[in-house]
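Visitor: One structure is given below, represented as structure tokens, and several questions about it will come after.
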Amino acid sequence: MKILWVKAGGLVPLDMGGKIRSFQMMKALSRKHAITFLTYYQEHSSDQHRELENIFDRVICCPLSIPDSGTARDRIRYAKNLLTWSPYALSKYRDRAVARRLRNLVLTEAYDILIADFCVGGVNFPWSAGHTKILFTHNAEAEIWRQHYEAAGNLFWKFVTWREWKTMLRQESAYVRRADHVFTVSDTDKEYFSRFVGL
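The opening residue of the sequence shown carries number 190 in my numbering; numbering runs sequentially from there.
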């Protein structure tokens with residue numbers, strides 16, 4: 190099979206559980222299938238993604254100009270995002286050039302399966318493509334934001350976490366309904382995501 194795997198936030202270095210899980214799954218799949226790996230992430234000087242070309246059939250890197258968390262530029266982008274219905278944790282990765290590149294890929298390449306890795310992988314994902322689409326969820330992100338909201342100590346952080354919780358819930362629900370299949374990593378997450386499609 191020919192698989193297009195889309196991941197936001199980069200893959201290497203393998204310093205987080207989600208990255209390690211994705212890498213091991215792709216590496217195993219690449220033994221029998223052709224993997225095109227497209228990733229978009231905050232640009233940085235120590236980018237190691239080209240090394241993955243030795244493992245996967247094709248690697249497409251899309252470094253983005255995303256401001257560091259807490260900087261003035263980050264706060265301005267967050268303020269602008271308040272005018273949308275999108276969680277900032279996802280929308281900061283939204284990029285027209287990446288979305289256009291993905292659309293062109295699915296139009297010109299004969300992929301059998303398209304995989305959005307994490308909900309943030311769905312931000313620029315070609316959901317309208319007529320291919321089999323898989324959403325690979327590593328966490329119930331809205332639930333994590335709900336927990337942050339319940340633990341928040343001041344009104345500002347209470348508002349920030351409440352908004353991320355509610356908008357993430359809306360986004361997760363939309364992606365689950367648009368996917369043909371949803372992969373989860375636990376029975377708890379399976380039950381959580383099943384409610385979006387009435388199971």
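A virtual CB, placed ideally from N, CA and C, is assigned to each residue, including glycine.
Remember, predicted model here, so these are calculated numbers, not experimental data.
Do Phe325 and Phe372 have their C-beta atoms within less than 8 Å of each other?
Guide: Position 136 of the sequence shown, counting from 1, holds the residue named residue 325. Position 183 of the sequence shown, counting from 1, holds the residue named residue 372. Closer than 8 Å, so yes.
Visitor: With distances taken Cα to Cα, identify the nearest neighbour of Met214 among Ser317, Glu240, Ile244 and Ser234.
Guide: As a first step, residue 214 must be located in the sequence shown, where it is residue number 25. When only C-alpha atoms are compared, the closest one is Ile244.
Visitor: With DSSP run on the structure shown, which of helix, strand or coil describes Phe307?
Guide: On the sequence shown, residue 307 is found 118 positions in, with the first residue counted as 1. DSSP places Phe307 in coil when its eight states are reduced to three.
Visitor: Quick one: what's Tyr277 bridged to in DSSP?
Guide: The sequence position of residue 277 within the sequence shown is 88, counting from 1. For Tyr277, which the question treats as bridged, DSSP gives no partner whatsoever.
Visitor: Please determine if the region 215 to 234 and the region 327 to 334 are in contact, where contact requires at least 3 C-beta pairs separated by less than 8 Å.
Guide: Too few Cβ pairs lie closer than 8 Å, so no.
Visitor: What's the call for Ser211, buried or exposed, on a 16-neighbour Cβ count within 10 Å?
Guide: As a position in the sequence shown, residue 211 is number 22, starting the count at 1. The residue is buried, with at least 16 neighbouring Cβ atoms inside 10 Å.
Visitor: Across the region 349 to 364 and the region 290 to 303, are there enough close Cβ pairs to call them in contact, namely three or more that are closer than 8 Å?
Guide: Too few Cβ pairs lie closer than 8 Å, so no.
Visitor: Which of the three DSSP states, helix, strand or coil, is assigned to Val477?
Guide: Within the shown structure, residues of the chain are numbered from 190 to 388, placing residue 477 beyond reach of any answer.
Visitor: Given this structure, state the Cα-to-Cα distance separating Ala318 from His337, to the nearest angstrom.
Guide: Here residue 318 refers to the residue found at position 129 of the sequence shown. Here residue 337 refers to the residue found at position 148 of the sequence shown. Answer to the nearest angstrom: the Cα atoms are 35 Å apart.
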